[in-house]
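Engineer: Pasting a structure here, questions to come.
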Amino acid sequence: MRNDDTKARLRATYHLGATPIFAAKCDPRFSFALYVPHRFAELDHTKTTIVVAVHGTGRMQSLYRDLFAEFAEYNNCIVLAPLFPAGVRGDENLSGYKYILEGDIRYDLVMLGMIDEVAARYGVSGARVLMFGFSGGGHFTHRFAMLHPGRIRAASIGAPGSVTLLDRSKGWWAGIADCRERLGIDVDLEKITGMKVHLVVGEADTETWEITFAPGDRYWVEGANDAGRTRGERAQCLAESFRMHGASVRLDLVAGAAHDVTAVAQKSREFFVDVLRGAV
């Protein structure tokens, strides 16, 4: 049996700082990597916040974790970076997680399972998290926030290619009219009131080839392109939808930036600092 010194060394090596990738207990098809402050034992765990950083289509999970590592060290946070593999159902689908539902997979419930697992492992609260997502992760983040507003302390949504509006006249995913039938859950618009929402996109992020839907496309729905042509236009439309329902919204356009997660994440970190300090 390993002695206490060996156990402590193993924990310091693999459970603090940048961790290995762990299979999620709730569904081992999915996994997560963490960043945990090296001085975690010295911190007030009652005030630790989980920051969820959701990858885009390229699945660069470790990059997203690392973008918030220094932030975590200085702000008593644990970074949770999920990995939702492409083609998890054997069909090479790149986009299932973005729209929450794929076959029998509910990605929002998988995410909640990961949050609860990490909270239990480190003895912190996962009741309300900070969530960042860029590109495909921005898709996921704003839809998760709509479906589970009570679990979101603040959401930073970077350059989403398609957006769901808080519109009960349109079906999922363009709107929220049939969420109960599709997902077994309604969007509680009253809980959107007061939600802290950040939208951020590069001013030069103007390509439309990947985000324009046509009938026959896998994720085509009526109203798919109604929020605008570009990511910037769609972000502004989503910001207005949140504002109409009482959310506190910040919109940043990053000068000189195209579709660049590093530039966008800088603005997201600034927003999260303001949230933690009570400035928004």
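All the letters of the sequence shown, read from the start, carry residue numbers 81 to 360 under my numbering. C-beta atoms are modelled at their ideal positions from N, C-alpha and C, and glycine is treated no differently. It should be emphasised that the depicted structure is a prediction, and the values quoted were computed from it without experimental measurement.
1) Taking the C-alpha atoms as reference points, what is the distance between phenylalanine 220 and glutamate 153?
2) Between alanine 345 and phenylalanine 212, is the Cβ-Cβ spacing less than 8 Å?
3) In terms of residues, what are the limits of the beta strand (DSSP E) holding tyrosine 115?
4) Thinking just about the alpha-carbon of each residue, which of Ala235, Thr292, Val301, Asp332 is nearest to the one in glycine 282?
5) Evaluate contact between the segment 115–135 and the segment 91–105, counting only Cβ atoms and requiring at least three cross-stretch pairs below 8 Å.
6) Return yes when the Cβ of arginine 314 is within less than 8 Å of the Cβ of valine 243, no when it is not.
7) Does the distance from the C-beta atom of alanine 239 to that of histidine 339 stay below 8 Å?
8) Three-state secondary structure (DSSP) at glycine 170?
9) Hey, out of Glu197, Thr129, Ile185, Ala88, whose CA is closest to phenylalanine 102's CA?
10) Which of the three DSSP states is assigned to lysine 250 in this structure?
11) Name the DSSP bridge partner or partners of glycine 282?
12) Count the C-beta pairs between the segment 266–276 and the segment 300–311 that are closer than 8 Å, then say yes if the count reaches three, no if not.
13) I'd like to check one pair, valine 209 with arginine 186: are the Cβ atoms closer than 8 Å?
14) Are the CB atoms of leucine 147 and threonine 342 within a distance shorter than 8 Å?
15) Quick check on this structure: which residue in Pro108, Ser236, Val131, Gly264 has the alpha carbon closest to the alpha carbon of alanine 199?
16) Near glycine 251, what residues of its chain come up, given a Cβ to Cβ distance below 6 Å and the 5 sequence neighbours on each side ignored?
17) Taking only three categories from DSSP, how would you classify glutamate 261?
Structural biologist: For this structure:
1) 26 Å
2) yes
3) 111–116
4) Asp332
5) yes
6) yes
7) yes
8) coil
9) Glu197
10) coil
11) Val334
12) no
13) no
14) yes
15) Val131
16) Ala257, Asp258
17) helix
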